[in-house]
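Student:
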Amino acid sequence: MSAFWIVLLSVTAGTVISSVLACLPGLHIYNVMGALVLGILALEGSVHAIPADVYLPAFTGMVVGWSMLNTIPAVLLGTPDESAMFTVLPGQKYLMAGRGFEGTMITAVGGLAGAFFLVCVMAPLAPRYLPVSQQVLKGHMHWVLWVIITFMLMSEWPKGGNRGKAGWAKFYDAWKTLLAGLATFILAGLLGFILLTRSPVNHEVAFQNIMPAFVGLFAIPWCLLNMISAANVPPQKTAKSLAINGDVILRSVWSGGLGGGIAAYFPVVTGGVGGMLAGHATAQRDERIFIMGQGVSKFIYYVGAFMLMFVPGLNLTRGGGAWMVKALYTPMGVADYYLVLGSIAIAAGLSYLMMEPLTKLTLKFIDRFNYRHVSTFALAIILVMVYAVTGWVGMFIATVATGIGLLPVLFGSRRLNCLGILLLPIACNMSGFGETITGWLGLT
Amino acid sequence: MKGFSHFMSGVAVASFGPWAIDAALNGNPLFFVLGGACGILPDTLDFKFYRFFYNHDVYVEPDPKSPDPQYVADEVARAIALAVDEKRYVNLKLSSVRLGADFWQQYSVTFDNEKLEVAVKFGPVVNTGQVPVEGTANRYPTVARAKIKAKVIQTYDAALKVDIFDGPTVGLKPLENGDLDLEFLPWHREWSHSLTVGAMLGALVGAGVWLAAGWTPAWQSFVTIAACYGVHVVEDQLGHMGSNIFYPLTKLRTPGLHWMHSGDGLPNFLTVWISCLLIFWNLYRGQPAMTYHFGFVHLMMVGLVLPGLAFGALRWLLNRGAKVVVAKGDDADDEWNDSKAAG
Amino acid sequence: MTVNKEALPGHETQSSEMNCPSCGRFVGAVTKCPYCGGKVEKRMSLVAIRWAAVLLATVGLFLLFLMAKHRNIPVVKLGDVKPTMNFAQIRVEGVAETDARTFRSGGGMGFNFSDGTGTIMVFISQKQAQDMVERNLVPKAGDQVSFAGGLNISDDRSSMRLLSVDEFQVVRAPAAAMRLADLTTELKGSSVTVEGKVMDLFPPPANSKRPYALKLQDDSGEQTVNFWQAEYDQIANKDVLVGAYVRARLSVAEYQDKLQLKLVSGLDLEILDGPPAAATYASPAQKAAATFRQTAPAPRDFSRGRSVASTSLSVSAVTAAMKGQTVRVRGRVDSVRPPKEGTKQPFAVVLSDGGAKLRATYWSNADAVIAVKPTPGALFEMEGVVDVYQDRPQLQVESGYKVKLVDDTPASAPAVDVSQAVSVSSITAAELGQTRTVRGTLGAPRALRGGVTYALTDDTGTIDLVLWESIIPAEVLDALGEGAQVAATGEVKEYEGKLQITAAAGHSAMVIP
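Note that the protein sequences, when read in sequence, are chains A, B and C. For the first sequence, my numbering gives the first residue as 70, with consecutive numbering after it. For the second sequence, my numbering gives the first residue as 120, with consecutive numbering after it. For the third sequence, my numbering gives the first residue as 37, with consecutive numbering after it.
#1: When you compare only the Cα positions, how much space is there between T247 of chain B and P159 of chain A?
#2: Give me the Cα-Cα distance between L431 of chain C and G390 of chain C, rounded to the nearest whole angstrom.
#3: So which residues on chain B does R61 of chain C lean against when the C-beta distance must stay under 8 Å?
#4: On the DSSP bridge list, what partners appear for M546 of chain C?
#5: F459 of chain C: which of C:L187, C:P119, C:I499, C:F183 sits nearest, CA to CA?
#6: So which residues of chain B does S298 of chain A contact, with C-beta pairs closer than 9 Å?
#7: Can you tell me whether DSSP reads S340 of chain B as helix, strand or coil?
#8: Could you tell me whether any Cβ in chain A is nearer than 9 Å to the Cβ of V262 of chain B?
#9: When the Cα of V322 of chain A is compared with those of A:K228, A:A449, A:S366, which residue comes out closest?
#10: Would you mind telling me which residues of chain B sit closer than 7 Å to P45 of chain C, beta carbon to beta carbon, in chain order?
#11: Grab me the residues of L311 of chain A's own chain with a C-beta within less than 8 Å of its C-beta, minus the 5 sequence neighbours each way, in chain order.
#12: Just verifying my parser: in three-state terms, what is the DSSP assignment at E290 of chain C?
#13: Would G64 of chain C count as contacting chain B if we go by Cβ distances under 9 Å?
#14: Straight-line CA distance for G229 of chain A to Q273 of chain B?
#15: If contact is defined by three or more beta carbon pairs under 8 Å, each pair taking one atom from either stretch, is the region 44–62 of chain C in contact with the region 425–439 of chain A?
#16: If you scan the region 190–258 of chain A from start to end, which runs of the alpha helix (DSSP H) of 4 or more residues do you find wholly inside it?
#17: Sorted by chain position, which residues of the same chain lie with C-beta nearer than 6 Å to F359 of chain A's C-beta, five sequence neighbours on each side aside?
#18: Taking the alpha-carbon positions, what's the G358 of chain B to S200 of chain C distance?
#19: Between the region 203–221 of chain B and chain C, which residues of the former have a C-beta closer than 9 Å to a C-beta of the latter?
#20: Count the CB pairs spanning the region 75–89 of chain C and the region 79–95 of chain A that are closer than 8 Å, and state whether there are at least three.
#21: Please name the residue in A:L110, A:G95, A:F465 whose C-alpha comes closest to that of M32 of chain C.
#22: According to a CB-to-CB cut-off of less than 7 Å, which residues of the region 263–289 of chain A neighbour chain B?
#23: Would S444 of chain A pass as a contact of P149 of chain A if the rule is Cβ separation under 9 Å?
#24: Can you tell me the Cα-Cα spacing of L377 of chain A and A156 of chain B, whole angstroms?
#25: So does the region 123–140 of chain B actually touch the region 342–351 of chain B, counting three or more Cβ pairs closer than 8 Å?
#26: Contact criterion: CB-CB distance below 9 Å. Does F149 of chain C meet it with respect to chain A?
#27: According to DSSP, simplified to helix, strand and coil, what is M157 of chain C?
#28: Is the Cβ-Cβ distance between L252 of chain C and V276 of chain C less than 9 Å?
#29: For the alpha helix (DSSP H) holding D204 of chain B, just list the boundary residues, first then last.
#30: Would you list the residues sitting across from F241 of chain B in a DSSP beta bridge?
#31: Give me the Cβ distance between P211 of chain C and V234 of chain C, rounded to the nearest whole Å; I'm assuming they're in contact under 8 Å.
#32: Listing by chain order, which chain A residues have their CB less than 9 Å from the CB of I159 of chain B?
#33: Determine, using beta carbons only, whether I189 of chain C and N122 of chain C come nearer to each other than 9 Å.
#34: Does the CB of A334 of chain C have a neighbour CB from chain A at under 9 Å?
#35: On the three-state DSSP scale, how would you describe Y550 of chain C?
#36: Give the interface partners of G230 of chain A over in chain B, defined as CB-CB distance under 7 Å, in chain order.
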């Protein structure tokens, strides 16, 4: 079979598989890729060894498909319980207004626009300009992280203190949520120091050191809160068209591209942080732009980070997917770059086409099945996966991380503060005093 | 200007100090962190500290279950009467009306100086993005009115519209001719947005640094703090509200230049983006052994002009023949971006 | 005034717990109504989860911290490292294969580590490096080390990052005291102790990456010791260094096929109060022989300096039929293999002549008295008894005095073609960059940083002959001296307005008998 057909079939398979898996709540594509990497390594050297021109396009398709379609469970399979949570996310607003389908599809349009932007604008310019910026920024990444941390903590807004007479009571009412945010950040940072310095996870599966923590910080709280939620999903309607135009798409690409690009390029900065920064920078007030921008940002973050590994002359590894592939393969030259770009383009189109039928299927599903049961099932899958890869130690880590991950949602602060798990220890290490802190903690 | 614009401006100003670049290359991020923090500090001081201790004479707190515009109108009139009768500055707090995690009852307060009346109307329910909820525009059609004792002069063109999060504070200041001057958010930029305060803060921190680390880091800290704090003041003078630039030497806010609204999208983005380019330029100049070389003009062309032109051209192409309305920013507390960032 | 209003979007499916039970107003997630002050009861599951969150985030984290802190990092062999161990913290025990070297940018350090099952690059951060320097823990080639580090595994290259200086253990490799003349590239990778007088110190040019060059001399000869600014800064009393007697622990390396002696730490150089006391130096052979145990006393050699009448043969002339005969054989040394430490093996030298090879063996007592040890490429003459092993002849040398150097110029080494020599006065500026051969008498040597200059005088004039240590073999340099008649080939160059000949790489200068 010619290389063209091998690549085409591989990317199609990767996209379809991940698109379906993306509909399962709580499951991250990096977990699936991690398991596949283990399998590929086990088969290496044997008769059934999987060549790079099969797994590279497949992995690309998986990252693309997941980043496009994981909007579905994020929007449709979680109902905000206003008696428990302080904020309603924009995607959830659409769901509560019965417009979940619209919200999901608008995000998908953002993903597709992001694919265009990535392949047609960023990809040709990256080999020319990113090596320049790498050289300029060499030695400066540490303060970039510190500046991001500073803004993250300083820009959080107090959610209380709006009523009552002036004084300390009003001040405390306002600062409760901010203190919860600071506490979340510091506790997550401590967790990060522990896991990055002296992780209790077995060294044989250390490449998944952080997985239990991330699952605990984000996925498990989401499942738990769904399970105990006292709110139901309002009836949903599907729309024949979306209330968007070219201007909305362009401004979403601008906002989301900036956020996703920042997250893809800078180490440790994730999509959420990039989105926050871009949102503040571009100051778009239209909620459609925000929703669509999220789709753009997510796509560029996940897929862009993966793509960076293949940019000729750059040698940059960003994102969990790239780190995992790096254990298998070192990109060599322009051919690999074109292979990945082509795979991204095919996968983006394919996954977008799958968006509508899968969204409608999910709507039918949530109509029939209680989302709380779905979340319970998702939680069970997550726990099995954590146990299978990292054992009881991983389960314990996930449990502790769940406690930290619940704090922002239940006490009114930003979930972004959970990213202190990586931001704080890595910023400290980059600045050269990480070891001082771990020394104080007795970890080194 | 928005918080992130101020923050990035501060970082950009800090990057002009060669000591900041040298320190960064040696693993010390403090000057850049200080720059960003001081860039955003004036608003932090106001919005996260001072406003909770700012006393009001009259609190207007409409009942979310049964919002009564007449109550609001009467209370506003009472505040005006207090200012006129007692010939003193009166602070009036208009509280927001929360109906849900994402829903707020909007109401507006308008002064009619011809009829010496204040008119209050409850408008639609809006979400945290200030987008009206369909079908709620005419929940409360009544316009309530109350007579006021003096004219209320509004030099600041922010609408007294109360919706999301914290409602505005209005200061009523008696004038010589018996009218009242309406000051929007009197506690904001009352003392915090001052060049002298920035310099004093820089001197204070510098003194501490001098004791700990010597003269050179001390004056470097002073310059960084004063400059980055000061750039916030300068940027806010481009707007409408203005600041009390030389507090405590001056007592009143100096009105702004009215060149922009603090919430305007394009000026804010350009501030952020140009700050990033300036930071990049300064880092490039301070980077030893670069193998790539470019000039400032080249950087601006590649980083700003060409992408801007491309974006503008695309926008024109996409919007030809269509009427595109971009929501304008206003100068109220912009917690909307925070809601986007939440989670 | 109020009107009946429909529920807001989504509120029709929300729980009543979002409203205050006393006044009915929206309160959201808070437990106390901000309007009436009434308590807002939340369902048990929510209360439980709130408490669980706080407890897990605090107590749970603390327990996890204790678990991590008291965890023993496992010892793992590098050969057992798999890609799934990326980011793992492991402990390794083995040997530093190279000296830890400081990186020019970033200030950290790195060294190659091996535990017998694999080799890996180990990175040390700048702060850790400073700490290690202060505590004299910087590993040198040959040191036994044990440490914990974080693995970074990729498809093409893996590395480790040192976790903690406190857990870094080093057992220094023994550094035998040696004479400068005995130091050869065969000692590459090991550490040695030398003593001598500092003749000169050449700092590097400003903004140059070149090292310092310290000329050290003892009674056997002179060597150059290299080190960089970081090491120079560590040397105590460096202002009295030139002319002082010093003892130094040096690392033996090879640079551009030439011996390089490196001072890895300034703390390893000690300025002595006076000339060092005469010490017994162990040659490499003696070091190996020191571990060699003999059960019977070595036979005494009575033939000191006096040869039995024998025939001087080429290698190919020695045959198995000569078994038992004493012969003298001349051939080029192909290889020298000292006995392995702790074994009773003899020294084995392979002589070759054309295509023929002959293995010559002698015991350590014979090696002890050999004045100039056989080195590959040198022409040697050995006298011994022919033996036969596996149908092939061997030479058993019984006396070290019967092992003599004939000529140490490698057979393949280019000799200077004296017939091509031109007069000094004929060399002009028009010939800059061209190669010329000159012959004449050498004047007094003038030391250079990294070389030596002689004024070469013939009947027509004088020209400087520059010989760089980095490209000229040591034996060539050692053979030259003031008053020697030499021929040399090199490139015509100009320095400070004067013409000079820079000797070409290799054997480009020779003494003319």
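Heads up, the beta-carbon is just placed ideally off N, CA and C, and yes, glycines get one too.
Tutor: Let's see:
#1: Here residue 247 of chain B is taken as the residue at index 128 of the second sequence, counted from 1. Here residue 159 of chain A is taken as the residue at index 90 of the first sequence, counted from 1. When rounded, the distance between both Cα atoms is 9 Å.
#2: Position 395 of the third sequence holds residue 431 of chain C. Position 354 of the third sequence holds residue 390 of chain C. Approximately 18 Å between the Cα atoms of the pair.
#3: Numbered from 1 along the third sequence, position 25 holds the residue referred to as residue 61 of chain C. Per Cβ cutoff of 8 Å: D182, P183, K184.
#4: Numbered from its first residue, the third sequence carries residue 546 of chain C at position 510. BP columns for M546 of chain C point to C:A523.
#5: In the third sequence, counting from the first residue as 1, residue 459 of chain C sits at position 423. The displayed chain sequence assigns Ser, not Phe, to residue 459 of chain C. Comparing Cα positions, the closest option is C:I499.
#6: One-based indexing of the first sequence puts residue 298 of chain A at position 229. Near S298 of chain A there are no residues of chain B at all, since even the closest Cβ is about 13 Å away, more than 9 Å.
#7: For the purposes of this step, residue 340 of chain B is identified with residue 221 of the second sequence, where counting begins at 1. S340 of chain B falls in the helix class under three-state DSSP.
#8: Taking the second sequence and counting its residues from 1, one reaches residue 262 of chain B at position 143. So no, V262 of chain B is outside the interface.
#9: Residue 322 of chain A sits at position 253 when you count from the first residue of the first sequence. The residue with the shortest Cα to Cα distance from V322 of chain A is A:S366.
#10: Along the third sequence, read from residue 1 onward, the residue named residue 45 of chain C stands at position 9. Chain B residues near P45 of chain C: V252.
#11: For the purposes of this step, residue 311 of chain A is identified with residue 242 of the first sequence, where counting begins at 1. For L311 of chain A, where only same-chain residues beyond five positions count, the Cβ hits under 8 Å are E171, M174, I175, V178.
#12: By 1-based counting over the third sequence, the position of residue 290 of chain C is 254. Of the three classes helix, strand and coil, the one that applies to E290 of chain C here is strand, per DSSP.
#13: Walking along the third sequence from the start, residue 64 of chain C turns up at place 28. At least one chain B Cβ lies under 9 Å of G64 of chain C.
#14: If you number the first sequence from 1, residue 229 of chain A lands on position 160. If you number the second sequence from 1, residue 273 of chain B lands on position 154. The alpha-carbon atoms of G229 of chain A and Q273 of chain B are separated by roughly 29 Å.
#15: no
#16: 192–206, 210–223
#17: Within the first sequence, residue 359 of chain A is the residue found at index 290, counting from 1. Within the same chain, F359 of chain A has close Cβ partners P159.
#18: Residue mapping note: residue 358 of chain B aligns to position 239 of the second sequence, counting from 1. Residue mapping note: residue 200 of chain C aligns to position 164 of the third sequence, counting from 1. Roughly 53 Å between the two C-alpha positions.
#19: R217, L218, G219, A220, D221
#20: no
#21: The displayed coordinates of chain C run from 37 to 549. Any statement about residue 32 of chain C would go beyond what the structure contains.
#22: none
#23: Numbered from its first residue, the first sequence carries residue 444 of chain A at position 375. Numbered from its first residue, the first sequence carries residue 149 of chain A at position 80. For S444 of chain A and P149 of chain A, no; Cβs fall outside 9 Å.
#24: Here residue 377 of chain A corresponds to residue number 308 of the first sequence, with the count starting at 1. Here residue 156 of chain B corresponds to residue number 37 of the second sequence, with the count starting at 1. One C-alpha to the other measures close to 31 Å.
#25: yes
#26: For this step, residue 149 of chain C is matched to residue 113 along the third sequence. It does not; no Cβ of chain A falls within 9 Å.
#27: Your numbering for residue 157 of chain C matches position 121 in the third sequence. Looking at M157 of chain C - three-state DSSP - the assignment turns out to be strand.
#28: Taking the first residue of the third sequence as 1, we reach residue 252 of chain C at position 216. Taking the first residue of the third sequence as 1, we reach residue 276 of chain C at position 240. Result no, Cβ atoms of L252 of chain C and V276 of chain C do not sit closer than 9 Å.
#29: Along the second sequence, one-based indexing puts residue 204 of chain B at 85. 188–205 is the extent of the alpha helix (DSSP H) around D204 of chain B.
#30: Along the second sequence, one-based indexing puts residue 241 of chain B at 122. According to DSSP, which records beta bridges pairwise, F241 of chain B is partnered with B:Y226.
#31: For this step, residue 211 of chain C is matched to residue 175 along the third sequence. For this step, residue 234 of chain C is matched to residue 198 along the third sequence. Before going further, note that residue 211 of chain C is Ala rather than Pro in the sequence given. 19 Å between Cβ atoms; not a contact.
#32: Counting from 1 along the second sequence, the entry for residue 159 of chain B is found at position 40. Those are T219, F220, M223, S224, listed as they occur along chain A.
#33: The sequence position of residue 189 of chain C within the third sequence is 153, counting from 1. The sequence position of residue 122 of chain C within the third sequence is 86, counting from 1. Yes; because the gap between Cβ atoms is below 9 Å, this pair is in contact.
#34: Here residue 334 of chain C refers to the residue found at position 298 of the third sequence. Note that A334 of chain C scores 41 on pLDDT, short of 50, meaning its location in the model is unreliable; the coordinates nonetheless yield the value given after this. Cβ-Cβ to chain A under 9 Å: no for A334 of chain C.
#35: Residue 550 of chain C lies beyond the residue range present for chain C, which begins at 37 and ends at 549; the question has no answer from this structure.
#36: For the purposes of this step, residue 230 of chain A is taken as the residue at position 161 of the first sequence. F171, listed in chain order.
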